[in-house]
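Student: So in numbering that gives the first Met the number 0 the end of the sequence shown lands on 31, straight run, no missing numbers.
This structure is in structure tokens; I'll ask about it shortly.
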Amino acid sequence: MEKRTYVPYEEININMINAIIASEDKRFWSNP
């Protein structure tokens, strides 16, 4: 059983968003 909590995008800290994007490849923004 997975324990997840929904968090609206607006409540996610910008540093967390940037960390997730930084872990993606270099083509993240240009590769839809």
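C-beta atoms are modelled at their ideal positions from N, C-alpha and C, and glycine is treated no differently.
Any chance you could list the alpha helix (DSSP H) runs of at least 4 consecutive residues sitting entirely within the region 5-30, in chain order?
Tutor: Listed in chain order, the complete alpha helix (DSSP H) runs (minimum 4 residues) inside the region 5-30 are 13-21.
Student: Can you give the Cα-Cα distance for D24 and T4, rounded to whole angstroms?
Tutor: Whole-angstrom Cα-Cα distance: 27 angstroms.
Student: List the whole-angstrom C-beta distance separating F27 from I20, where the pair is believed to meet the contact cut-off of C-beta under 8 angstroms.
Tutor: Right, the Cβ-Cβ distance comes to about 6 angstroms (below 8 angstroms), so this counts as a contact.
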